[in-house]
Amino acid sequence: MDPRSEVLLRQPDCLAGRTLLAGLPADELLVHSPEAWGWSWHAGHHAYLDRRFAGRVYFGTTPPAGDYDNAVLFLPKSKELADYLLMALASRLAHGTLYLVGEKRGGIERAAKQLQAFGTPVKLDSARHCQLWRVSQPKSESRPLETLSQTFTLFPDKVALDVVSLPGVFSHGRLDKGTALLLEHLDHLPTGPLLDFGCGAGIVGATLKQRYSENPVYLLDVDAFAVQSSQMTLAANQLEGTLIVGDGIAAAPRDLAAIISNPPFHQGVHTHYQASETLLQEAVHHLKPGGELRLVANSFLKYPPLIEQYLGPCETLAERDGFKVYRARRRS
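Residue numbers (the numbering used here): 1 to 332.
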């Protein structure tokens, strides 16, 4: 059981009545609250919870319709995302109670101050290196998610690309250094379907479609906010692409000409490499013979040995600002 869930179980009033659990982890918390519903935006967590509690977990970027007695937010990493989620949850509470639970190292004490916009925060519990906070009858204020997006323009001197990102999406509102380096090394990709793995706001996928207009482009991410951001970026530039929400490379199509990625290696406050390592191990099964993997990664990550073990010889195309761009082709 996740330690945050354990703290909630110490305070049964949090789970009494019709309760909406937002961002709940993939554990057994719903067993202990028959009237609770889950809301998830992580495809992997949702898949587990939906198998375990079919019909009780909603997936998406907006909370499920209806009024609730209680709403609990499991604190996300992003402050901007927490602001939106608290606002969205408060709008579903006519006369109920809003709770915020999170780990101390995840910033729960700082985040508790965000509750002041909705009422007077009260600390209910501190255990398992976590804290639980409450606001009774929160002030309800709601804004459409799209109004919280940020837009910035790339390549203003060439074919401009407008990038739209939502709260919580990687590098929200700006171009990160790794992706900037990768964008400079997208020449001479093979003809055929291209995949932007871990698409985030769709910067790489949209750029690929601009430059390789005849190639089908897929954009894949585990996060619903990222996939919606990618959709908005494509629409802002009148580009077409196939959006996929899924947990890892297993959700990608086969027979790809190339996989291009700035793969994630952080999840929440914990360092997490599994999605990236699985990509390196399984890319061979999603590339056609001669297909190419091209990615950017922090220089300290030891990816080349894994790439060569599972795919083929690894070439370093560029290095700058602590990042490297790698290229490898599937053996025929």
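Every residue gets a Cβ at the ideal spot worked out from N, C-alpha and C, and that includes glycine.
Simplified DSSP state of residue i, which is helix, strand or coil
i    : result
V222 : coil
R52  : helix
L81  : helix
Q131 : strand
R327 : strand
D13  : helix
Q150 : strand
H42  : strand
L24  : coil
K123 : strand
V72  : strand
V159 : coil
T191 : coil
S165 : strand
L86  : helix
E184 : coil
L107 : In the sequence on display, residue 107 carries Gly and not Leu. If DSSP states are grouped into helix, strand and coil, G107 belongs with coil.
E6   : helix
S230 : helix
CA nearest to the CA of residue i, picked from the options
i    : options                   : result
R143 : Q274, G248 and P63        : P63
G290 : R51, I259 and L30         : I259
F74  : L86, D67 and G66          : L86
A82  : H188, F197, F225 and F323 : F225
A251 : Q228, Y218 and A235       : Y218
L220 : M232, V245 and L234       : V245
R301 : K158, R329 and Q274       : Correcting the residue type first, residue 301 is Leu in the shown sequence and not Arg. Of K158, R329 and Q274, the residue nearest in Cα terms is Q274.
K324 : G23, L145, E184 and L166  : E184
S140 : S126, G119 and A160       : G119
G200 : H285, E277 and Q231       : Q231
V135 : Q228, T151, R128 and A90  : A90
L182 : L29, V159 and L208        : L208
P253 : R52, L161, G55 and V284   : V284
L115 : A127, L98 and G106        : L98
Beta-carbon contacts of residue i that lie in its chain and below 6 Å, excluding the five residues immediately before and after
i    : result
E282 : I249
G268 : Bear in mind that the predicted position of G268 carries a pLDDT of just 42, short of 50, making it unreliable; the figure below should be weighed with that in mind. If we look at G268 and ignore the five residues flanking it on each side, its Cβ neighbours are K77.
R327 : R294, E315 and L317
N215 : L194
E277 : none
Buried or exposed by the 16-neighbour rule on C-beta atoms within 10 Å, applied to residue i
i    : result
R174 : exposed
A65  : exposed
D321 : exposed
S149 : buried
H188 : exposed
P305 : exposed
N298 : exposed
F333 : The structure shown has nothing for residue 333, since the chain only spans 1 to 332.
V164 : buried
P34  : exposed
H270 : With a pLDDT of only 44 at H270, under the threshold of 50, the placement of this residue in the model should not be trusted, and no figure is reported.
P121 : buried
V159 : exposed
H172 : buried
D247 : buried
A54  : exposed
Close Cβ partners of residue i (< 7 Å) along its chain, the five nearest in sequence each way excluded
i    : result
Y68  : R18, T19, L20, R92, L93 and G96
H42  : V222 and D223
Y84  : L145, L148 and P167
Y303 : L280, A297 and Y326
K104 : H129, C130 and Q131
8 Å CB neighbourhood of residue i in its chain, flanking five on each side removed
i    : result
H32  : L9 and L15
P25  : D2, R4, S5, H45 and F74
A111 : L75, K79, A82, L100 and G102
- [ ] Can you check the stretch 234 to 321 for any alpha helix (DSSP H) of at least 4 residues that lies completely inside it and give the ranges in chain order?
- [x] Here the runs fully enclosed are 274 to 282 and 303 to 310.
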